[in-house]
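A short write-up of the structure that comes next.
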Amino acid sequence: NPTTTESAVVDGSALAGRALAAAGVSHMFGVVGIPVTAVATRAVAAGVRFIAFHNEQSAGYAASAYGYLTGRPGVLLTVSGPGCVHGLAGLSNAWINTWPMVMISGSCDQADFGKGDFQELDQIAAVKPFVKVALKATSISEIPRIVQTALVTAVAGRPGGCYIDLPTDVLHQTISESEASSLLSEAANPIPPQIPDPEITEVEKAVSLLRHAQRPLIVFGKGAAYARAEGAVTKLVETTGIPFLPTPMGKGLLPDTHELAATAARSLAIGKCDVALVVGARLNWLLHFGEAPRWSKDVKFILVDVSKGEIELRKPQVGLVGDAKRVLDLINREIKDDPFCIGRTHPWVESIRKKAMDNAAKMDVQLAKEVVPFNFFTPMKIIRDAISAQGSPAPILVSEGANTMDVGRAVLVQREPRTRLDAGTWGTMGVGLGYCIAAATADPDRLVVAVEGDSGFGFSAMEVETLVRYQLPVVVIVFNNGGVYGGDRRTPEEITGPHKGDPAPTSFVPGAAYHTLMEAFGGKGYCVSTTDKLKSALSESFSARKPAVINVIIDPYAGAESGRMQHKN
Ligand code: ADP
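Using the UniProt record's numbering, you'd call the opening residue of the sequence shown number 9 and step up by one each time.
And the structure:
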């Protein structure tokens, strides 16, 4: 039983820190304060690396991306009330992208709940829409079990966020060392639930559909990347010769430069394929709901997803519920006994290759022009070449912004799996700095390069201090065109009404010196507006592998409003 006697030596904060370390948590992201500062310091003492942020929103984005990159839940620590509310950004991001994450928030004293206590909030109710499970420790003895349950649940089946609520009084309760040890060992090593394989008859149906297709296509997304299915999908593509189309974050499972890549022939590939094997990617807005007219109305879908609900929602011809890597292994095994390959000279493969080459040639013409003051393409090509020159392990690219992300997706090249983090399923702006920090801590061997619009950068620009404090190898390239989509482009006639002295809602201070923000903390800042200066800033900062901001001055008239999403406006 909890006691407060002098013989008691382990409090709730120490027990939580030890439970996290015992469960294998190696990193935690967050913002400390009442009542969780000691949870952070105790976790650090137990061996966890704590990355302290300025804002829980960025820390939460970091935790979610860490979960995606490592396959282990990213852990976010927040204070109660407002800290929990800020953390919801990260938790909802984990939910919508199906990434494993655990948010731990302190909460007010249980005895004072309902009386208007300091930072009081019904946090269990607040997190509900975004979590697989929300658990509150009502006594210190529950902490180890709850920590384990949340961590296991986050990765079980379809990954997602889980929540742990640690009330102040529980953090202050104490138990003896021997009680703590036995609670920790009782909670240890729960058996993670296995994802069952799909029925073999369904695998046979899928293979038969692929085998008899005239115009087959393999589409894969970040669920396949999360499942580490790169080996299996490469084998499938290379034995069958079927062209493939990655979603933006699926890019890199096979190199973008692969001869069967249909990325540069996307409209043709999805518009004309008759059988599409879609692995770890939802048929949501990003894939035009799998509907005509973007897809052929007769296309037959084979969907592979860990979520049965996702497959039931889409009603494909064949649904294979299971882990992407495992299901692709089963498909490869089924093909092995009676292999087929559609061949390089097949009209379908040739038409895709030809279209992709034509589009690539058009893009090359655009990239060959050196446009100064910069448009989006000229600096993007220089950045592409500088990233490619890095070789292997390839840098992790973080990308956000409207025009910056659109142009970046078309121009930048992904060669290795899980090297692209972008605005994701919601198209969320403001994820960039959190993702950079997650990438640099999850994979310390890789350089991290963020290519961001000035608007996206502004959401969490203060976290450049975090980059400097932890000396992370992150180069943030800001495409600075003076606003959201661009600067103030109104004609004098458009500037009317009582507030006509105000800047346009889309605009920021023109020519903002974002690089000096980094310099303020001792990092390296560059401001560039010519090709030579950009090349030398990239070469210097990539080889230094130290925190840097490159402020790239872009023509304020260069970007389109809403980027390529004008139809949603
Ligand atoms: P993208 O944005 O790349 O199109 P989505 O986020 O829409 O990808 O889809 C990812 C899908 O992957 C989700 O439906 C999720 O359930 C699924 N998924 C997650 N983990 C796995 C896994 N291990 N195996 C198969 N599917 C998975």
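Backbone N, C-alpha and C fix where the C-beta goes; we use that ideal spot for every residue, glycine too.
- Here the C-alpha atom of A232 lies approximately 15 angstroms from the C-alpha atom of R80.
- Under the three-state reduction of DSSP output, V155 falls in the helix class.
- By the C-beta density criterion, F138 is buried, having at least 16 other C-beta atoms within 10 angstroms.
- The Cβ atoms of P251 and G330 do not sit closer than 7 angstroms to each other.
- Sequence-distant partners of F385 (beyond 5 residues in either direction) whose C-beta falls short of 8 angstroms from its own C-beta, in its chain, are Q374, L375, K377, V379, V415, V419.
- Here the distance from the Cβ of A289 to the nearest heavy atom of the ligand ADP is below 6 angstroms.
- With contacts defined as CB atoms closer than 7 angstroms, N577 and Y522 fail to qualify as a contacting pair.
- Taking the CA atoms as reference points, A158 sits about 12 angstroms from A145.
- D372 counts as exposed, since fewer than 16 other C-beta atoms from the protein chains shown sit within 10 angstroms of its C-beta.
- Sequence-distant Cβ neighbours of A46 in its own chain, meaning closer than 6 angstroms and more than five residues away, are S21.
- Its chain contains F228, A232, V312, A332 as the residues whose beta carbon lies nearer than 6 angstroms to that of V287, once the 5 sequence neighbours on both sides are disregarded; these appear in chain order.
- Between P167 and W107, the CB-CB gap stays under 7 angstroms.
- For L429, the CB contacts under 6 angstroms within the same chain, skipping 5 residues up- and downstream, are A73, V406, Y443 in chain order.
- Under the 8 angstroms Cβ criterion, the segment 497 to 516 does not count as touching the segment 444 to 458, having fewer than three qualifying pairs.
- Pairing A431 with E408 gives a Cβ-Cβ distance under 7 angstroms.
- Going by DSSP, L179 is part of no beta strand (DSSP E) but of the alpha helix (DSSP H) stretching over 176 to 180.
- If you draw a 10 Å sphere on the C-beta of W356, you find 16 or more other C-beta atoms in it, and that means buried.
- Inter-residue distance for A142 and F61 is about 24 angstroms (C-alpha atoms, whole angstroms).
- Cβ contact annotation for I151 (same chain, cutoff 8 angstroms, sequence separation greater than five): G20, L23, A24, A27, A145, L174, V178, L191, in chain order.
- Under the three-state reduction of DSSP output, G169 falls in the strand class.
- At a threshold of 6 angstroms, S72 does not count as near the ligand ADP, since its beta carbon sits no closer than that to any of the ligand's heavy atoms.
- C444 sits in a helix when the DSSP states are folded into three classes.
- Less than 7 angstroms separates the beta-carbon of N489 from that of P564.
- Assignment of beta-bridge partners to F37 by DSSP yields I59, L84.
- F487 has G461, V560 as its beta-bridge partners, per DSSP.
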